[in-house]
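Residue numbers (the numbering used here): 1 to 488.
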């Protein structure tokens, strides 16, 4: 290739390696990329990615390779924006897609490596694209401030809850999610979505304990009914309610969270598939956030790498197991320890679960959620149950998210105390229940977050069903040296 030809070719591309003859021949054969332009000018803007596929890379320096990865990653993000924009236009026109396929199936046919959730994300954003209410989010996607996958979570969140959520609270949550989506990874944003889903209230008119007050969506009605002494009588309760109404609202919300926990527990599933040709058995299951936090914390504690060491304690070989293998080994070890223990006194400690929770939320005074260190979003009731018997490390936060109290494991049931409880109660202490001690949790009669001690005089064995029941109805008991008498 002549020098003037090389210069002419290099003028049409964004980046190049003029010393690589194979690269030049590939570019010359494939031609430069041309941007689709409705004006017909179609100016060249860069080299086709196809021209680089299969190119030998071992001769390139690290900086060149870094730039190539950055270039392709940037192009991929641009492609996502173009794809969702074009798909939105097709769907808005009602165009029939090739093969009469659904949008999701069509995208997966074009890109077999595209997962169903990812394809659904493109379609979700594309369907919302023309709506004026999503103009801000659309601008975020176009400017690549928010990834399509994150935008899909925001749109899906609204579509799932808007019929049952208070509009003002809903769109306040949306703005927070939009802001977070600019920096959060998809999995981090998913946790925020779950958090907001559990905090949203129903519309004011449908809230069982609402007693009027200011409503940003209905100011005219509020003005008509909230004048004079009536408006002054609202007091300092949340959202203009009286203190009594605010307390009733918090109690009603806590009851709803209890029902949510019950539905989640009822949805727990675990199944084993038939062995495959190699004899391997696949497990499949669903856990609620409370159960998942316990299982993940216990498995994580036993799945740390275990390198080989010599007699001096020096590491001589790294643990050859990958994380998935270590977790599988940890699960088996947990079960072995559990079944090897005595029927009356478990020999293994409960899983240590770190929970971050606002003080007022933990006490049930206000609405809110708790978040474990493993990322599971819990209701306050679930956090209180875990605080009783799991080796929880409660990080109680103030109004500015400052730590007010960080619990210690010595607050929890020691093996000696557990044995004493087993000897005294012999079974679940709730009237009429005969479930054995190995099935039971050690419950604080006076909750630890209300000053209750971890002692034989303040503890009682409760099976999981009655543990939940006692927390739901805030029952108390009289504890003597020989038995526990529940006030039911």
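By construction, the Cβ of each residue, glycine as well, lies at the ideal position given by its N, Cα and C atoms.
Residue pairing by DSSP places residue 309 opposite 315 in a beta bridge. For residue 292 and residue 355, the gap between their C-alpha atoms comes out near 13 Å. Nearest in C-alpha terms to residue 370, of all of 338, 176 and 192, is 192. Taking 8 Å as the upper bound for CB-CB distance, residue 128 and residue 134 are in contact here, some 5 Å apart.
Rounded to the nearest angstrom, the Cβ distance from residue 317 to residue 305 is 11 Å, too far for a contact under 8 Å. Judged by DSSP in its simplified three-state form, residue 285 adopts strand. No Cβ-Cβ contact shorter than 9 Å links residue 484 with residue 434. In the structure shown, residue 299 falls within a helical segment according to DSSP collapsed to helix, strand and coil.
Under the criterion of beta carbons closer than 8 Å, residue 202 and residue 155 do not qualify as touching, at roughly 21 Å.
At a Cβ-Cβ threshold of 9 Å, residue 141 and residue 84 count as neighbours. By the Cβ test, the region 466-475 is in contact with the region 378-388, since at least three Cβ pairs between them sit closer than 8 Å. Residue 187 has its alpha-carbon roughly 32 Å from the corresponding atom of residue 337. The shortest CA-to-CA distance from residue 259 to any of 332, 475 and 288 is the one to 288. For residue 129, no alpha helix (DSSP H) encloses it, and the DSSP letter there is neither H nor E.
Collapsing the DSSP output to three states places residue 269 in a strand. In the structure shown, the three-state DSSP call for residue 379 is coil. In the three-state scheme derived from DSSP, where H, G and I count as helix and E and B as strand, residue 192 is classed as helix. Of the other Cβ atoms in all chains shown, fewer than 16 fall within 10 Å of the Cβ of residue 272; this residue is therefore exposed. Here the alpha carbons of residue 249 and residue 478 stand approximately 30 Å from one another. Under the DSSP assignment, residue 91 falls in the alpha helix (DSSP H) whose first and last residues are 62-93. Straight-line spacing of the CA atoms in residue 195 and residue 60 works out to 47 Å.
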